[in-house]
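See structure below.
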Amino acid sequence: MTNTPQDALVELFSQAITQLKSDGVIPADHDVSIMFERTRQKEHGDYATNVALTLAKPAGKNPRVLADLIVAALSTDSQVSKVDIAGPGFINVFLAEDARYKVLDNVFIRGADYGLAAPDSKQKIMVEFVSANPTGPLHVGHGRGAVYGDALARVLTAAGHTVKREYYVNDAGRQMEILATSVWIRYAQIAGNDIPLPSNGYQGDYIQTMAQELFEQHADQFVLSPESLASAQSGLEDEAALDALIKSVKVQLGDESYQLFFRKALDSILADIKDDLAGFGINYDTWYSEQSLFDSGKIQSAVDQLKASGDIYEKGGALWFKSTDYGDEKDRVVVRENGQPTYFASDIAYHFDKISRGFDLAINIWGSDHHGYTPRVKASLQALGVDSEKLKVLLVQFAVLYRGGEKVGMSTRSGQFITLRELREEIGSDAARFFYTQRKSEQHMDFDLDLAKSKSNENPMYYVQYAHARICRIFTTANERGLTIKAPQDTDYTLLNGEHEAALLKQLERFPELILNAAQHYEPHQITYYLRDLATAFHSWYNSSRFLELEEEPRDAMLALCSAVRQVLSNGLGIIGVAAPNSM
RNA sequence: GCGCCCGUAGCUCAACUGGAUAGAGCAACGGCCUUCUAAGCCGUAGGUUACAGGUUCAAGUCCUGUCGGGCGCGCCA
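According to the numbering used here, the first sequence is numbered sequentially starting from 10.
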């Protein structure tokens with residue numbers, strides 16, 4: 010790893026602060042942290058620190074006076090050309106001319122790894138995301154979490170963490186039963202039975218498709234008499250009637266036959282989800298089955314452990330977890346009166362197991378509607394003796410969809426939704442990823458489908474990709490003209506002395522620290538904004554000069570800079586999972 | 001009612017996590033193609049950062065309150 014310029018400056022200033030401490034200007038026991046920021050305006054130099062402002066009070070001195078003393082105590086450094094004091098007491102640092110060219114060598118040496126921290130040098134992190142119930146295809150509403158989760162995983166990887174992606178599959182519970190029964194009813198209908206699908210069953214076309222396939226394989230082998238089921242439905246409320254219907258179908262089909270429908274539904278939907286996400290460039294390391302938590306006894310043992318520690322009590326025939334002892338609003342049921350564990354029971358076991366697998370940090374990406382759920386899960390981890398700080402829940406706001414200026418409603422059961430696949434096929438994986446990654450995850454967001462689908466300059470992704478394609482084109486043209494171009498490292502960087510070049514070099518230099526910052530704050534969108542800034546700096550430069558018509562020396566230097574910009578555009582686009590096309 | 005998230009240009013969003021004159025894109029207006037791709041560039045206009053207080057050298061950012069929007073408050077998942 011190459012040290013960032015900030016590191017060197019912090020070192021330089023630390024010595025001065027130490028000096029002032031021994032001189033008695035600053036209290037010797039005062040803990041000083043020095044921060045350097047890149048400046049917004051070039052009149053303020055390359056870097057600025059507010060250290061004199063933060064030390065003014067403990068030192069009992071006017072910030073500007075203190076800044077003077079700090080600057081006076083600095084030893085000379087060949088990398089620093091000038092140090093100014095400005096405003097209320099900022100210390101602005103101007104770097105030496107040649108220091109700015111260093112970044113080019115870094116880019117050329119590291120290549121596709123430029124900006125990336127040493128792999129596997131930090132924490133072991135699991136990112137769990139999407140984890141939508143396997144009761145139907147993913148819809149557009151899942152897109153934001155999917156893209157955010159994957160981009161975050163990529164950012165964390167780039168920052169040197171070891172990252173695993175996991176999808177928690179809710180393959181146990183009532184929704185799955187409703188699904189399996191819905192498939193059976195559609196199957197029975199195809200086989201000629203006049204059994205209506207209840208309105209609270211799954212209505213989507215994909216149910217029909219699965220039923221049709223089952224019918225083709227098994228003909229009418231699994232039909233039941235409608236009369237025997239009708240009785241189960243009469244005189245009950247909708248949900249109770251549905252449960253009765255499920256039970257009835259289950260009993261009459263027999264476990265083995267019922268499982269056929271269950272497995273068919275689960276397997277094909279899961280396969281569809283996997284395929285869909287893979288089409289987005291999202292690939293998981295593990296698909297963790299909720300059912301396996303039952304089968305392995307992990308739920309039971311987690312409950313037993315909580316019982317033993319006195320964190321579970323009985324009330325009204327149900328088992329309650331005392332989450333209020335750990336800061337939750339109210340206690341929560343883990344095992345119902347009827348003996349069925351709740352979804353929360355699975356979650357306790359799941360998160361406990363997750364942390365126990367040796368991750369330093371487990372990140373959950375949840376829809377914002379689940380925010381109230383976090384305290385109880387953390388509470389359960391604490392009760393089980395796990396540091397709940399190891400679980401980080403990041404919330405993603407739902408995107409409100411618009412089509413033709415109208416809000417688009419979403420409902421999985423009714424079968425009326427835009428699938429994620431549809432979105433991807435219409436606007437492309439790249440555009441969708443870019444679009445989502447433009448927004449901070451916890452920010453409310455409007456998703457204009459018409460806009461996302463339009464392949465116009467209104468979509469900023471093209472702006473960034475175009476910069477990359479343009480650079481590729483320059484080299485293609487140079488080649489066509491038979492020009493002999495020096496290797497980038499062999500060119501004279503000092504010829505890159507214009508304002509455009511300075512702006513670009515600065516952007517390139519910023520990339521490694523940007524990745525670290527984006528990772529630290531779980532904000533992949535920073536990469537997107539950076540890429541747009543870099544593309545802007547490039548397009549602006551491009552329009553100001555025709556490189557290929559210059560004298561050889563400056564031409565080759567400029568092409569070296571082009572090459573570096575192309576590399577960083579490519580690296581950055583890779584981190585958000587968007588392609589860097591050679592031509593457009 | 002209580003809790004969490006949010007409120008920034010006409011629209012969609014940033015703002016290096018408390019720093020200097022709040023920035024981009026789209027939309028609007030005016031310029032730039034005999035040229036390595038105009039999916040581009042240059043310029044103009046657009047703001048009391050919802051509102052009112054507070055904290056300090058410094059607040060869009062932190063605290064309190066008000067208003068407005070979203071979500072949550074099940075022996076649902």
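Even glycine gets a Cβ: it sits at the ideal position worked out from N, Cα and C. Note that the structure is predicted; figures quoted are calculated from it, not measured.
With a beta-carbon spacing of about 11 Å, residue 388 and residue 356 fall beyond the 8 Å limit used to define contacts. Annotation: residue 143 to residue 429 spans about 14 Å, alpha carbon to alpha carbon.
For residue 135, the enclosing beta strand (DSSP E) starts and ends at 133-137. Counting along the chain, the unbroken alpha helix (DSSP H) around residue 31 starts and ends at 14-31.
Taken in chain order, the unbroken stretches of beta strand (DSSP E) that lie wholly in the stretch 103-176 and span 3 residues or more are 133-137. Residue 124 is positioned such that its CB atom lies closer than 8 Å to that of residue 520.
By the neighbour-count definition (other C-beta atoms within 10 Å, threshold 16), residue 565 is a buried residue.
Annotated three-state conformation of residue 531 is coil, per DSSP. The beta carbon of residue 30 lies closer than 6 Å to those of 37 in the same chain, with the five residues before and after it left out. The criterion of a C-beta distance shorter than 8 Å is not satisfied by residue 101 and residue 107. With contacts defined by Cβ atoms closer than 8 Å, residue 88 and residue 17 form a contacting pair. Here the C-alpha atom of residue 348 lies approximately 41 Å from the C-alpha atom of residue 454.
Residue 44 is classed as exposed because its beta carbon has fewer than 16 other beta carbons within 10 Å across all chains shown. Rounded to the nearest whole angstrom, the CA to CA distance from residue 407 to residue 181 is 25 Å.
Counting the other Cβ atoms within 10 Å of the Cβ of residue 212 gives 16 or more, which makes it buried. A direct Cα-Cα distance of roughly 35 Å separates residue 209 from residue 401. When only Cα atoms are considered, residue 470 and residue 258 end up about 51 Å apart. Counting along the chain, residue 408 sits inside the beta strand (DSSP E) bounded by residues 408-412.
The C-alpha of residue 372 is placed about 25 Å away from the C-alpha of residue 304. For residue 289, there is no enclosing alpha helix (DSSP H), as DSSP gives it neither H nor E. Beta-carbon to beta-carbon, residue 273 and residue 362 are separated by about 28 Å, too far to satisfy the 8 Å threshold. In the pairwise beta carbon analysis, the stretch 167-179 is classified as touching the stretch 125-138: at least three pairs are separated by under 8 Å. Per the coordinates, the alpha-carbon of residue 490 lies some 29 Å from the alpha-carbon of residue 517.
The way I'd put it, the stretch 475-487 does touch the stretch 568-586; three or more beta-carbon pairs between them come closer than 8 Å. With contacts defined by Cβ atoms closer than 8 Å, residue 343 and residue 351 form a contacting pair. Going by DSSP, residue 312 is part of the alpha helix (DSSP H) stretching over 307-317. Secondary structure within the stretch 350-408: the beta strand (DSSP E) runs of 3 or more consecutive residues, fully enclosed, are 370-376 and 400-405 (chain order). Residue 118 counts as exposed, since fewer than 16 other C-beta atoms from the protein chains shown sit within 10 angstroms of its C-beta. DSSP places residue 262 within a helical segment (H, G or I) once states are collapsed to three.
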